[in-house]
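Beneath this line is the structure, given in structure tokens, with notes to follow.
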Amino acid sequence: MPYLHIIDGVPTVKTAQEVSLYLRRDRNVSCRDEPDAANLAEFNIFPLDEGTKPVLGADEVAVETAPAQANGVWVRQWSVAQRPVRTSLTPHQFKKRLEAKNRWAAFKTYVGALTPGDQMEWVYADVIKRDSPLITALQTATGLTNNQIDAVFRV
């Protein structure tokens with residue numbers, strides 16, 4: 283069970299072991315491995331309910347926010363954020379992301395229609411950069427929007 287330790291008004295999440303160590307080392311209090319929740323309040327330490335993590339979409343992550351007290355119980359709080367857009371991907375990551383977004387066939391068709399020199403740019407790329415002319419050309423040729431390209435680069 284996690285605990286909330288409030289020091290100078292700043293909440294910090296701690297494990298039972300961390301609380302036990304704090305009490306023994308800093309407060310000279312003997313306690314079992316699992317601290318007694320009833321006596322912890324005098325040290326500004328409170329049991330922390332895990333709360334409910336939000337259901338996430340493919341391009342979302344759960345971000346822990348400050349705990350809140352509800353009905354005398356401290357509860358972990360969560361918000362949802364979009365995964366950050368990476369600045370680059372390896373060719374393997376790029377392929378997998380295009381496959382996941384059902385865009386791989388369109389990409390292969392696009393590359394197949396390029397000149398041999400331009401095809402080599404894609405085939406031998408060490409890294410695919412989000413802001414590269416290759417991506418801009420792909421976007422123009424296939425009609426993909428900035429949001430659709432960003433979705434490919436969210437990993």
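First residue of the sequence shown? That's 283 in the numbering used here, and the numbers climb one at a time after it. C-beta: ideal position from N, C-alpha, C; glycine also. None of the values given here were measured: they were computed from a predicted structure.
Residue interval of the alpha helix (DSSP H) (run including residue i)
i	result
Glu300	298 to 308
Pro415	415 to 424
Residues bridged to residue i (per DSSP)
i	result
Arg436	Val367
Asp331	Val357
Val292	Ile289
Closest residue to residue i among the options (Cα-Cα distance)
i	options	result
His287	Ala387, Phe328, Asn321	Phe328
Pro284	Val405, Ala344, Ala298, Gly291	Ala298
Arg385	Thr424, Asn428, Asn353, Phe325	Thr424
Ala344	Trp404, Pro336, Gly394	Pro336
Trp356	Thr422, Val295, Arg436	Val295
Ala482	Phe325, Thr422, Ala340	Here the chain comprises residues numbered 283 to 437, so residue 482 is not present and cannot be evaluated.
Leu470	Ala340, Glu324, Lys383, Asn353	Coverage of the chain is limited to positions 283 through 437, which leaves residue 470 absent and any answer about it impossible.
Ala320	Gly354, Glu332, Val437, Asp408	Gly354
Lys378	Arg309, Val437, Asp308, Gly394	Val437
Phe376	Val405, Gly394, Asp400	Val405
Cβ-Cβ distance between residue i and residue j below 8 Å
i	j	result
Glu342	Gln364	yes
Tyr392	Leu371	no
Ile431	Ile410	no
Val434	Leu380	yes
Thr369	Arg412	yes
Val362	Leu338	yes
Pro349	Leu322	no
Leu438	Val311	Lying before the first or after the last residue shown, residue 438 is absent from the chain, which here runs from 283 to 437.
Leu325	Arg307	With the sequence shown as reference, residue 325 is identified as Phe, and Leu is not the correct amino acid for it. The answer is no: Cβ separation not under 8 Å.
Pro373	Ala352	no
Problem - Start-end ranges of the alpha helix (DSSP H) lying completely within the region 341 to 410, minimum 4 residues - result: Runs found: 373 to 382, 386 to 394, 398 to 405.
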